[in-house]
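Beneath this line is the structure, given in C-alpha cells, with notes to follow.
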Amino acid sequence: MKIEQVFSSYNDNIMPTYTKVPLVFTKGKGSKLWDIHNKAYLDFFPGWGVGNLGHCHPKVMQAIRDQVKKLIFIPNNYYHLPQAKLAKAIIDCSYPGKVFFCNSGAEANEAAIKFARKYGSGKFEIITFFDSFHGRTMGALSATAQGKYQEGFQPLLAGFKSVKFNDIDAVKNALTDKTIAIMLELVQGEGGVNIADKQFVLELRKICDEKKLLLIIDEVQTGIGRTGKYFCYQNYGITPDIMTLAKALGGGLPIGAMVVKKEIADTLGPGMHASTFGGSPLVSRAALAVLTAVKKEKLLLNSQKMGEYLLTKLEQLKSRFSLIKEIRGIGLMFGVELNLEGKKIVESCIEKGLLINCTHGKVLRLMPALNITKKEIDKAMAILNNVFMATEG
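The working numbering applies: residue 1081 is where the sequence shown begins, and numbers increase by one.
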C-alpha cells in the first residue's frame, strides 16, 4: 500500500477523531521509528507514555511470542497464571492491596469512580482539579476539568467539583457532607506538565484520613518508572487509597488497572463491575515482562540519571533562547513552556527527525523511554537547538 492509499483509506474508512500527523510508520526499535520511506525518527514522546521501554522491547516481544502460542484469552470467571503473577508483581512494588484489571486508563478511572460511590454508601461527590485529564468516557470526562474536552457532551455526570491545583484552601472549601473522594494526577501531563507540591499532597492525605475520604491517584501517565520511581506517589511519602494505571504497563498492548488498599478492596463484589478483556493472558504476560525489564535493567535509576542529564541540557537551552519561559519536570517527564505557540516548533522537529508533543498550546512535552541514552538525548537537544535558533532568527 502506497502512502497516498494509506491516507485515502483513513479518510474514507476511519472516523476523524485524531489530529493526524502525515507520517506512516512501519517499524520501531528502542527510541527509533522508521516511516514508510525508511526515514528514521528519534521518538521523545512514545505514545503519551505507553513506550516507557521504547518500541518492541526484546523481553516484551519474547513474552508475547511465548504466550500467543499457549493462550490468548480466557474469561475472567476462570483463573490463569499470568494474571495472578501480574497482580502480585504490581502489589509487590506498590502497597498492600488488590487489583482490578481492565483495558485503558479511562476504564481504570471509571472503575475508581464507581468504587468510590459504592464505598460512599450515599456519599458521591469527588473533588478533582482544573487542568486535569482522566479520560474521555463519560465518568472520566466529567472528572476531567478542562472545558475543551467536555464541550458538546453535556450534561456530564453529576457529583464532581473541580478546584485549583495546589490550592489546599480551595479543596477545603469544596468539601461537603456528600464528599467521598479526592482524585488527582500528581503530574498533570495533558494539563501542561504541572507538578503537585509535596506539602499540598501531604495535606490532601491528612484531609482524607481525618474525614475518611478516598485519595485516588491517577498514575495512568506517571506510572511504571516515568518519574524515577515505580509510581509517582512514592516521591511524596504517601500511599493512595486507590491508584489507577495503564499506558506503560502493557509495553504497547492495551491494559489498565485499579489498585485498591486491601482493607477496603472487597467493597466491590461479584457482578458489581467487570471488563471482558481485562488482564487477559496475553497482555498480562506482556505487562509482567515490562516490570521485569524495569527491575533487571535498573531503569528506575536510569530514569533518574537521564532525567537529571536532560534537565541540564534543557536549562542550557533556556539560557540560550528567550522563547523558553519555564521548564518543569520530574524523572523523564518534562514540559518546556514557551512564550509562543508550539505547533510550528513540533512540526520543525518532526521534519528534522525528532518526535515530540505540544499541549496547552505552548508547552512542549518530552517523555523519552526510560532506557534512553546520553547520546540520544544529545541528538534530540541538538535538533531542538537548531529549531529554536531558526525560530528566533
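Don't be surprised by glycine CBs; every beta carbon is placed ideally from N, CA and C.
Residue 1187 versus residue 1420 - alpha carbon distance
Numbered from 1 along the sequence shown, position 107 holds the residue referred to as residue 1187. Numbered from 1 along the sequence shown, position 340 holds the residue referred to as residue 1420. Their backbone Cα atoms lie some 35 Å apart in a straight line.
Can you tell me which of 1453, 1095, 1430 and 1109 puts its alpha carbon nearest to the alpha carbon of residue 1385?
Within the sequence shown, residue 1385 is the residue found at index 305, counting from 1. That would be 1453, whose Cα lies nearest to the Cα of residue 1385.
Option in 1081, 1117, 1344 and 1290 with minimal Cα separation from residue 1178:
Counting from 1 along the sequence shown, the entry for residue 1178 is found at position 98. With distances taken between Cα atoms, residue 1178 lies closest to 1344.
Within 8 Å, do at least three Cβ pairs link the stretch 1152–1164 to the stretch 1255–1264?
no
CB residue 1144 to CB residue 1366, shorter than 7 Å?
In the sequence shown, residue 1144 corresponds to position 64, counting from 1. In the sequence shown, residue 1366 corresponds to position 286, counting from 1. Yes, these two residues count as a Cβ contact at 7 Å.
Counting C-beta neighbours from all protein chains within 10 Å, is the total for residue 1088 16 or more, i.e. buried, or is it exposed?
To locate residue 1088, count along the sequence shown from 1; it is residue 8. Result: exposed.
Quick one: any contact between the stretch 1350–1357 and the stretch 1185–1199, if contact means 3 or more CB pairs under 8 Å?
yes
Let me know if residue 1233 comes out buried or exposed under the rule of 16 or more other beta-carbons within 10 Å of its beta-carbon.
As a working note, residue 1233 is residue 153 in the sequence shown. Exposed.
Contact defined as beta carbons within less than 8 Å: I believe residue 1226 pairs with residue 1269. What is the distance between those atoms, to the nearest angstrom?
Working through the sequence shown from its first residue, we reach residue 1226 at position 146. Working through the sequence shown from its first residue, we reach residue 1269 at position 189. With 8 Å as the limit, residue 1226 and residue 1269 do not qualify as a contact, their Cβ atoms being about 12 Å apart.
Identify, in the order they occur along the chain, each residue of the same chain with its Cβ nearer than 7 Å to the Cβ of residue 1165, setting aside the five sequence neighbours on each side.
Counting from one through the sequence shown, the residue named residue 1165 turns up at place 85. Correct list, in chain order: 1368.
Would you please state the rounded distance, in angstroms, between the beta carbons of residue 1296 and residue 1321? I believe it to be under 8 Å.
The sequence position of residue 1296 within the sequence shown is 216, counting from 1. The sequence position of residue 1321 within the sequence shown is 241, counting from 1. Yes, residue 1296 and residue 1321 are in contact; Cβ-Cβ is about 7 Å, under 8 Å.
Is it right to say residue 1382 is buried, meaning 16 or more other beta carbons lie within 10 angstroms of its own, or is it exposed?
Numbered from 1 along the sequence shown, position 302 holds the residue referred to as residue 1382. By the 10 Å Cβ count, residue 1382 comes out buried.
Can you tell me whether residue 1341 is helix, strand or coil according to DSSP?
Numbered from 1 along the sequence shown, position 261 holds the residue referred to as residue 1341. Residue state, collapsed to three classes: strand.
Output yes or no for whether 7 Å exceeds the beta carbon distance between residue 1331 and residue 1140.
Start at 1 with the first residue of the sequence shown, and residue 1331 comes out as number 251. Start at 1 with the first residue of the sequence shown, and residue 1140 comes out as number 60. In this structure, residue 1140 lies closer than 7 Å to residue 1331 by Cβ.
With a threshold of 16 other CB atoms inside 10 Å of the CB of residue 1451, please say whether the residue is buried or exposed.
Against the sequence shown, residue 1451 aligns to sequence position 371. Classification for residue 1451: buried.
Under a three-way DSSP split, which group does residue 1274 fall into?
By one-based count along the sequence shown, residue 1274 stands at place 194. DSSP places residue 1274 in strand when its eight states are reduced to three.
Pop quiz: residue 1160 and residue 1361 are said to be a contact at Cβ under 8 Å. What is the actual Cβ separation, rounded to whole angstroms?
The residue you call residue 1160 lines up with position 80 of the sequence shown. The residue you call residue 1361 lines up with position 281 of the sequence shown. Correct: roughly 5 Å between the Cβ atoms.
If we ignore side chains and look at the alpha-carbon of each, how far apart do residue 1282 and residue 1249 end up?
As a position in the sequence shown, residue 1282 is number 202, starting the count at 1. As a position in the sequence shown, residue 1249 is number 169, starting the count at 1. When rounded, the distance between both Cα atoms is 13 Å.
Those residues which DSSP pairs with residue 1241 across a bridge:
Within the sequence shown, the letter at position 161 stands for residue 1241. 1207, per the DSSP bridge assignment.
Alpha carbon of residue 1107 to alpha carbon of residue 1441, nearest angstrom:
Position 27 of the sequence shown, counted from the first residue, corresponds to residue 1107. Position 361 of the sequence shown, counted from the first residue, corresponds to residue 1441. Residue 1107 and residue 1441: Cα-Cα distance of roughly 29 Å.
Give the DSSP-derived three-state secondary structure of residue 1218 in the structure shown.
In the sequence shown, the residue the question calls residue 1218 occupies position 138. Helix at residue 1218.
For residue 1109, which residues from the same chain have a beta carbon less than 7 Å from its beta carbon, with the 5 sequence-adjacent residues on both sides left out?
In the sequence shown, counting from the first residue as 1, residue 1109 sits at position 29. So the qualifying residues of the chain are 1135 and 1136.
Can you grab the Cα-Cα spacing for the pair residue 1395 / residue 1445, in whole Å?
Translated into positions along the sequence shown, residue 1395 becomes position 315. Translated into positions along the sequence shown, residue 1445 becomes position 365. Taking the straight line from one Cα to the other gives about 15 Å.
Residue 1106 lies in the beta strand (DSSP E); which residues open and close that run?
Along the sequence shown, read from residue 1 onward, the residue named residue 1106 stands at position 26. That run of the beta strand (DSSP E) goes 1105–1109.
Have a look at 1323, 1398 and 1414 and flag the residue whose alpha-carbon is nearest the alpha-carbon of residue 1176.
As a first step, residue 1176 must be located in the sequence shown, where it is residue number 96. The shortest C-alpha separation from residue 1176 is found at 1323.
Could you tell me which of 1473, 1285, 1358 and 1348 sits nearest to residue 1401, measuring between CA atoms?
In the sequence shown, the residue the question calls residue 1401 occupies position 321. Of the candidates 1473, 1285, 1358 and 1348, the one whose C-alpha sits nearest the C-alpha of residue 1401 is 1473.
Assuming residue 1418 contacts residue 1460 under a Cβ cut-off of 8 Å, what Cβ separation, rounded to an integer in Å, is found between them?
One-based indexing of the sequence shown puts residue 1418 at position 338. One-based indexing of the sequence shown puts residue 1460 at position 380. About 17 Å separates the two Cβ atoms, so there is no contact after all.
Give the straight-line distance between the Cα atoms of residue 1182 and residue 1306, rounded to the nearest whole angstrom.
Taking the first residue of the sequence shown as 1, we reach residue 1182 at position 102. Taking the first residue of the sequence shown as 1, we reach residue 1306 at position 226. Cα-Cα distance, rounded: 21 Å.
Between residue 1422 and the rest of its own chain, which residues show a CB-CB distance below 6 Å, the 5 nearest in sequence each way excluded?
Taking the sequence shown and counting its residues from 1, one reaches residue 1422 at position 342. Closer than 6 Å at Cβ, skipping near neighbours: 1438, 1442 and 1444.
DSSP three-state assignment for residue 1313, whether helix, strand or coil
Residue 1313 sits at position 233 when you count from the first residue of the sequence shown. In the structure shown, residue 1313 sits in a helix (DSSP, three-state: H, G or I).
Exposed unless 16 or more other CB atoms sit within 10 angstroms - verdict on residue 1399:
On the sequence shown, position 319 is the one that residue 1399 refers to. Under this definition residue 1399 is an exposed residue.
Can you name, in chain order, every residue of its own chain whose Cβ lies under 7 Å from the Cβ of residue 1318, other than the five neighbours on each side?
Translated into positions along the sequence shown, residue 1318 becomes position 238. For residue 1318, where only same-chain residues beyond five positions count, the Cβ hits under 7 Å are 1281, 1282 and 1285.
Restricting to Cα atoms, I'd like to know which of 1184, 1114, 1105 and 1427 is closest to residue 1216.
Looking up residue 1216 in the sequence shown gives position 136. Taking only the C-alpha atoms, the option nearest residue 1216 is 1184.
Over what stretch of residues does the alpha helix (DSSP H) that includes residue 1250 continue unbroken?
As a working note, residue 1250 is residue 170 in the sequence shown. Its alpha helix (DSSP H) spans residues 1248–1254.
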